[in-house]
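Asker:
Number of protein chains: 4
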Amino acid sequence: MKVGFVGLGVMGRGMASQLLKAGHEVWLWNRSPRAIEALVAEGAHAATDPLKLLAEVEVVHSMLANDQAVRQVLLTPPVLEALRGKVHVNHATISIELVRELVKAHVAHQATYVAAPVFGRPDVAAAGRLNMLAAGPAEAVAKVRPLLEVMSAKVWPMGDLPERAHITKIAGNLMLASAIGSMAEASALTRAYGVSAADFLDVMTRTLFAAPAYQGYGKMIAEEHYQPAGFAMALGYKDVGLGLAAASAEQVPMPIAGVLRDALLEAMAAGDGELDWAALAKVAAARAHLQQRGKA
Amino acid sequence: MKVGFVGLGVMGRGMASQLLKAGHEVWLWNRSPRAIEALVAEGAHAATDPLKLLAEVEVVHSMLANDQAVRQVLLTPPVLEALRGKVHVNHATISIELVRELVKAHVAHQATYVAAPVFGRPDVAAAGRLNMLAAGPAEAVAKVRPLLEVMSAKVWPMGDLPERAHITKIAGNLMLASAIGSMAEASALTRAYGVSAADFLDVMTRTLFAAPAYQGYGKMIAEEHYQPAGFAMALGYKDVGLGLAAASAEQVPMPIAGVLRDALLEAMAAGDGELDWAALAKVAAARAHLQQRGKA
Amino acid sequence: MKVGFVGLGVMGRGMASQLLKAGHEVWLWNRSPRAIEALVAEGAHAATDPLKLLAEVEVVHSMLANDQAVRQVLLTPPVLEALRGKVHVNHATISIELVRELVKAHVAHQATYVAAPVFGRPDVAAAGRLNMLAAGPAEAVAKVRPLLEVMSAKVWPMGDLPERAHITKIAGNLMLASAIGSMAEASALTRAYGVSAADFLDVMTRTLFAAPAYQGYGKMIAEEHYQPAGFAMALGYKDVGLGLAAASAEQVPMPIAGVLRDALLEAMAAGDGELDWAALAKVAAARAHLQQRGKA
Amino acid sequence: MKVGFVGLGVMGRGMASQLLKAGHEVWLWNRSPRAIEALVAEGAHAATDPLKLLAEVEVVHSMLANDQAVRQVLLTPPVLEALRGKVHVNHATISIELVRELVKAHVAHQATYVAAPVFGRPDVAAAGRLNMLAAGPAEAVAKVRPLLEVMSAKVWPMGDLPERAHITKIAGNLMLASAIGSMAEASALTRAYGVSAADFLDVMTRTLFAAPAYQGYGKMIAEEHYQPAGFAMALGYKDVGLGLAAASAEQVPMPIAGVLRDALLEAMAAGDGELDWAALAKVAAARAHLQQRGKA
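These protein sequence lines map, in sequence, to chains A, B, C and D. 3 is the number of the first residue of the first sequence in the working numbering; add one for each residue after it. 3 is the number of the first residue of the second sequence in the working numbering; add one for each residue after it. 3 is the number of the first residue of the third sequence in the working numbering; add one for each residue after it. 3 is the number of the first residue of the fourth sequence in the working numbering; add one for each residue after it.
1. Can you name the start and end residues of the beta strand (DSSP E) that C/Lys4 belongs to?
2. Taking just the CA atoms, how far does B/Gln253 sit from B/Gln70?
3. Which bits of chain C does A/Pro79 rub up against, with CB to CB less than 9 Å?
4. Please go through the segment 48-111 of chain D and give each complete alpha helix (DSSP H) segment of 4 or more residues, from N-terminal end onward.
5. Take A/Glu151 and list the residues in its own chain whose beta-carbon comes closer than 7 Å to its own, dropping the five residues that flank it on each side.
6. What is the DSSP secondary structure of D/Pro119, counted as helix, strand or coil?
7. If I measure Cβ to Cβ from D/Thr46 and keep anything under 6 Å in the same chain, skipping five residues before and after, which residues do I get?
8. Which residues in the same chain as B/Ala190 place their Cβ atom closer than 6 Å to its Cβ, once the five residues preceding and following it in sequence are excluded?
9. Kindly indicate which three-state DSSP category D/Pro159 falls into: helix, strand or coil?
10. What residues from chain F crowd round B/Glu268, counting only those whose CB sits closer than 7 Å?
11. Going by C-alpha to C-alpha distance, which of B/Ala179, B/Ile169, B/Tyr195, B/Met153 sits closest to A/Met160?
12. With distances taken between CB atoms, is the gap from B/Leu210 to A/Ala128 smaller than 8 Å?
13. Closer than 7 Å by beta-carbon distance: list the chain C residues that pair up with A/Gly161, in chain order.
14. So B/Met256 contacts chain D; which residues on that side make the cut at Cβ distance below 8 Å?
15. Determine the burial state of D/Gly273: buried for a count of at least 16 other Cβ atoms within 10 Å of its Cβ, exposed for fewer.
16. Go to C/Glu151, then tell me how far its alpha helix (DSSP H) extends in each direction, as first and last residue.
17. Within the continuous alpha helix (DSSP H) that includes A/Val242, where are the two ends?
18. Evaluate A/Pro80 with the Cβ neighbour count: other Cβ atoms within 10 Å of its Cβ, from every protein chain shown; 16 or more gives buried, anything less gives exposed.
19. Please tell me whether A/Ala283 has its Cβ less than 8 Å away from any Cβ of chain D.
20. Taking any Cβ of chain D, which residues in the segment 241-252 of chain B have a Cβ under 9 Å from it, in chain order?
21. Does any C-beta atom of chain B lie closer than 8 Å to the C-beta of C/Ala272?
22. For B/Gly238, return the contacting residues in chain D, with the cut-off set at a CB-CB distance below 8 Å.
23. Starting from the beta carbon of A/Gly260, find every residue of chain C whose beta carbon is closer than 8 Å, and list them in chain order.
24. Out of A/Gly183, A/Gly138, A/Asn68, which one is the CA nearest neighbour of A/Val91?
25. So if DSSP puts B/Val197 in a beta bridge, which residue, or which two residues, is it bridged to?
26. Which of the three DSSP states, helix, strand or coil, is assigned to D/Ala272?
27. Establish whether the CB of D/Ala190 and some CB of chain C are separated by less than 8 Å.
28. Where DSSP assigns a beta bridge to D/Asp125, which residues make up the other side?
29. Can the beta-carbon of A/Asp278 be found less than 8 Å from the beta-carbon of A/Met206?
30. Around the Cβ of A/Thr114, are there at least 16 other Cβ atoms within 10 angstroms (buried) or fewer (exposed)?
31. Can you check DSSP and say which residues form a bridge with D/Asp278?
32. Give me whichever residues DSSP pairs with B/Thr114 in a beta bridge.
33. Pull up the distance between the alpha-carbon of A/Arg147 and that of C/Arg263, whole angstroms please.
34. I'd like to know whether the C-beta atoms of D/Ile73 and D/His111 end up nearer to each other than 8 Å.
35. Look at the alpha carbon of A/Lys88 and the alpha carbon of A/Val61, and state the distance between them as a whole number of angstroms.
36. Pick from D/Gly260, D/Pro52, D/Met17, D/Ala271: whose alpha carbon is nearest that of B/Leu267?
Okay, structure coming up:
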């Protein structure tokens, strides 16, 4: 199939490379063209702007950084016009408010919006082992499903309404933030009693919490190794903010998310916005002044 | 070995039965004697009071309900006297403050205190598959280790200081409470958008959160099935309280634990103290008035 | 002076009436013209649209409901063009983000933006007894100061930068919300022990907390009298949201504000968005299930 | 009247001096006798132990530091025996749990317990201008009321049940902590925007918050002047703890109190336990890293 991919950051590149390997004719556009050089060397086609890309393909994937990028690149009259009759698969984590605007704009232009947000860090994307949620009109989902599957360990159908896939992704990220925040807080406690984060989290992540989320972040906390960031504090703050905004729109109190928001803000105020969000453990330790008190 | 076991609630019975199966001569005492009838039928000996039990054994295990029970049954001058020269293995989750008192009292009576708190619900105890932390003087731990192993999937050594095993257990329970609270809050959000807790948690607990803690409690939340309680709300409140007290004693701010405390109190105020603490999901849904608003 | 006033809600009407009484020639525009009939009967002039109003006056006041109204009515190219050379005094509580946009747009059109947010409920506005903050270019503030004074018990100069007056207003409203939330929580506690909110708050608001904010809201809580709303829950939620957004933009953790956010959301989820925000006391009582337990 | 006073800290000394000035025969006992020298020089009598004091008087006041001191000094069999037939007026802020024990013990010994906790700092006590709550059996309260009045600006009757006066005091202190916490948080926000705490709190404490609690603590925050402490962080932590314990016993969620608990712990972890609890503003500023970022 002739497939487009817009937004070739570190996630997008891994995903697009799987489409290419699967034998599709892949057209790429990225704001900074350098990001696509390697893929072009492997056989992808470079488009000079999104409109030219849309002229070539019947399905376009996007993995843009945030709401603002989606608005600038895709939510413009000419792009919407160029999407007419095509399927747009959005993999990015964006606000529910923007999802609703996008769905309306696609309908108004006889284009089809499929939500396909993903769980997985860049190495997982590069390996084609993402967990991918999928929601949208059944016929469109069926059409793009083979494309989704080449990028994924598993595709999780979430029904007809795109926002249901997006809210699932947003809620899942809140669970991730909570898991990190919980390890941060609990290991600050054990450290105050002389049990290192490494010893504590070793027990926990090999027993009750023997799950990828805990093992990956638990290792970073145990080693106090927060750079380079797989997922930066500032991105975590953005995603917790998407959760709180979605909660607000439907009146759902979320006190744990509120606590995480403050811890993320505190990290950014400390100048740690570029660290991996596992560094929430640094915030918990700082609040307890563990280092100054000579605690493990 | 001649081994005693004091406190034969649903956890203690499962643990003592493993000692019995392993061929030890097991002496039992429980406030209500009915609890030990089945074990006696299988070959255990019944003691009419703790002192008589201590006269028979060289190692005594205890699994009493809370601080108050430990104080009443064990922290008395005659019992401490009877412990002289013996090893006491405490499996219960008690306050750090009481642990410190117990250690002092044991030392003063030439008795040895070994901390061996456990992770696992009653069915796990009955199967001899607990995860057991162990801390205390090395020689004593070495002596009782074979006893610990017959009750456990794995024994995790935590060093010489008993309180380190206890704080690890307490911090671990805070992580469990956080995991439940996080699923509660996140699934309230997805439900407000039409994604059921079952659908949402199915994705999460089969991917990033594919761990026993999440799968067990996630199932209860998905099915809204909170009775009979494996671990009641009121016990969860007690354990979060132990965490907050330990945090207070060493000046460790724990905002997520504070949020959980309030949610547990709210459940108890609602008369739900006897439900499993997975019913934190009921609190999150009530705060968002999901049912009244016809949300999934 | 020829003065305009845009946005004649219940606050704006009281304020404009003071300008009129002081002898100024007052031009009015409001989306719904009925709101200005009484003032026109007292001598004010009605403009059929904001542009016509701006053609008549040298200073224009605005008191619009929220960011969206300000964007629609004032932040448009023709209105900005019509503001050239004039002073715009904004009394409304709006986001810092919008303040910054407004200031830039005014500068770009050689118009002057003066921030003059107010403390005081409608009856205080009608009596010309507001507390009014004022910030903007010194010359412009000096020019409009006589106008501000006729509406105010006191004008509080806050310097040259308009956002400083706005952040002061926003932070003040967070203090109000905290005061209400604190009375709500503390009186839920006393009620659980048989001391009514009335008895408790009577002591507090006549001693340590003998201040208008506590006495006014304390009375509403004591009487459980939340309608008609002087300031509705939904407006409170909006203002706490402005505070959290401002905190986010400058990385200031605000955990009390986060707690208030959740309580306000819970009230709105319960269908109480139209009650006065003093009904935070209803949320605190509901969480403790006081009524079901027969507490005072 | 022959009156005893036990516990002559800085509050107790001021209170006892008023009894003396009013012409009563005042007997004193304090653990450290130096604290009573000045009062003895003014005519008070020194007792060498609490039992000798009780032998002389018909009413005894106590103002001991905390639960532990009350237990050690008063809740002993000989002292309870010596209280038989007498009235004990307790001015201290203690736990509701201990209040209930004291009431039972007094009843068992035909002694009468009157609760008379106070609002006011040491200078207010020395001036005889406290606000004093009073609860207990009506006859006893009537008998001691003249004594209470010489120490107070006003005596607030709270009925027959002593715990109602105590819970009112505890809830009042939570309101004070919230007021400080709210000023701390709100002024951290304004400072991030260039409005000093002094400028911000000047507006607030002269308008909506023109009350003693806000003006006193607001001044300390504005001046960042936290020593010597009128009421130390560690005492504030104790009192918030009494509030949370009372809330727990009657299942009342108190999220704002939980936030304050963490901030107080953070201050103590930082080594600031001896500062006045107005230094909660220091915690809020530290979390936002205002100083490092050069904010006002």
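By construction, the Cβ of each residue, glycine as well, lies at the ideal position given by its N, Cα and C atoms. Since the structure is predicted, the reported quantities are computational estimates derived from the model, not experimental observations.
Answerer: If we stick to the structure as given:
1. As a working mapping, residue 4 of chain C is identified with position 2 in the third sequence. Run containing C/Lys4: 4-8, per the beta strand (DSSP E) assignment.
2. Indexing the second sequence from 1 puts residue 70 of chain B at position 68. Indexing the second sequence from 1 puts residue 253 of chain B at position 251. Each residue's alpha carbon lies about 25 Å from the other.
3. Along the first sequence, read from residue 1 onward, the residue named residue 79 of chain A stands at position 77. The contacting residues do not exist; A/Pro79 stays about 19 Å from chain C at best.
4. The segment 48-111 of chain D contains these whole alpha helix (DSSP H) runs: 52-58, 69-75, 79-85, 98-110.
5. On the first sequence, position 149 is the one that residue 151 of chain A refers to. Closer than 7 Å at the Cβ level, and outside the excluded window around A/Glu151, lie Val157.
6. In the fourth sequence, counting from the first residue as 1, residue 119 of chain D sits at position 117. The answer is coil: DSSP assigns D/Pro119 none of H, G, I, E or B.
7. The residue labelled residue 46 of chain D in the question sits at position 44 within the fourth sequence. The amino acid at residue 46 of chain D is misidentified as Thr; the sequence shows Ala. So the qualifying residues of the chain are Leu22, Val28, Leu30.
8. Counting from one through the second sequence, the residue named residue 190 of chain B turns up at place 188. So the list reads Ala286, Ala287, Ala290, once near-sequence residues are dropped.
9. Start at 1 with the first residue of the fourth sequence, and residue 159 of chain D comes out as number 157. Residue state, collapsed to three classes: strand.
10. Protein chains in the displayed structure are A, B, C and D, and chain F is not among them.
11. In the first sequence, counting from the first residue as 1, residue 160 of chain A sits at position 158. The residue with the shortest Cα to Cα distance from A/Met160 is B/Tyr195.
12. The sequence position of residue 210 of chain B within the second sequence is 208, counting from 1. The sequence position of residue 128 of chain A within the first sequence is 126, counting from 1. No. Outside cutoff.
13. Within the first sequence, the letter at position 159 stands for residue 161 of chain A. None at all; the shortest Cβ gap to chain C is about 24 Å.
14. Here residue 256 of chain B refers to the residue found at position 254 of the second sequence. Ordered by position in chain D, the residues that pass the 8 Å Cβ test against B/Met256 are Asp264.
15. Counted from its first residue, the fourth sequence places residue 273 of chain D at position 271. Exposed: under 16 other Cβ atoms inside 10 Å.
16. The residue you call residue 151 of chain C lines up with position 149 of the third sequence. Under the DSSP assignment, C/Glu151 falls in the alpha helix (DSSP H) whose first and last residues are 140-152.
17. Translated into the one-based positions of the first sequence, residue 242 of chain A becomes position 240. Unbroken alpha helix (DSSP H) run through A/Val242: 235-251.
18. Stepping through the first sequence from its first residue, residue 80 of chain A is reached at position 78. Result: exposed.
19. Residue mapping note: residue 283 of chain A aligns to position 281 of the first sequence, counting from 1. No Cβ of chain D is located within less than 8 Å of the beta carbon of A/Ala283.
20. Gly243, Leu246, Ala249, Ser250, Glu252
21. For the purposes of this step, residue 272 of chain C is taken as the residue at position 270 of the third sequence. Yes, its Cβ sits closer than 8 Å to a Cβ of chain B.
22. Residue numbering aside, residue 238 of chain B sits at position 236 when the second sequence is read from its first letter. Neighbours of B/Gly238 on chain D: none; closest Cβ ~13 Å, over 8 Å.
23. Along the first sequence, one-based indexing puts residue 260 of chain A at 258. Here the neighbours are Pro257, Gly260, Val261, Arg263, Asp264.
24. Within the first sequence, residue 91 of chain A is the residue found at index 89, counting from 1. Closest by alpha carbon: A/Gly138.
25. Counting from 1 along the second sequence, the entry for residue 197 of chain B is found at position 195. Answer is none; B/Val197 lacks a bridge partner.
26. Taking the first residue of the fourth sequence as position 1, residue 272 of chain D is located at position 270. Under the three-state reduction of DSSP, D/Ala272 is assigned to coil, being neither helix nor strand.
27. Residue 190 of chain D sits at position 188 when you count from the first residue of the fourth sequence. So, interface residue.
28. For the purposes of this step, residue 125 of chain D is taken as residue 123 along the fourth sequence, with counting starting at 1. Listed as beta-bridge partners of D/Asp125 by DSSP are no residues whatsoever.
29. Translated into the one-based positions of the first sequence, residue 278 of chain A becomes position 276. Translated into the one-based positions of the first sequence, residue 206 of chain A becomes position 204. Cβ distance not < 8 Å, so A/Asp278 and A/Met206 don't count as in contact.
30. If you number the first sequence from 1, residue 114 of chain A lands on position 112. Counting Cβ neighbours within 10 Å, A/Thr114 comes out buried, since at least 16 surround it.
31. Taking the first residue of the fourth sequence as position 1, residue 278 of chain D is located at position 276. D/Asp278 is bridged to D/Ala234.
32. Your numbering for residue 114 of chain B matches position 112 in the second sequence. Paired residues: B/Val89.
33. Position 145 of the first sequence, counted from the first residue, corresponds to residue 147 of chain A. Position 261 of the third sequence, counted from the first residue, corresponds to residue 263 of chain C. One C-alpha to the other measures close to 40 Å.
34. Taking the first residue of the fourth sequence as position 1, residue 73 of chain D is located at position 71. Taking the first residue of the fourth sequence as position 1, residue 111 of chain D is located at position 109. It should be noted that the sequence gives Arg, not Ile, for residue 73 of chain D. Contact check for D/Arg73 against D/His111 fails: the beta carbons are separated by 8 Å or more.
35. Here residue 88 of chain A refers to the residue found at position 86 of the first sequence. Here residue 61 of chain A refers to the residue found at position 59 of the first sequence. Going by the C-alpha atoms only, they are around 6 Å apart.
36. Position 265 of the second sequence, counted from the first residue, corresponds to residue 267 of chain B. Of the listed residues, the one whose Cα sits closest to B/Leu267 is D/Gly260.
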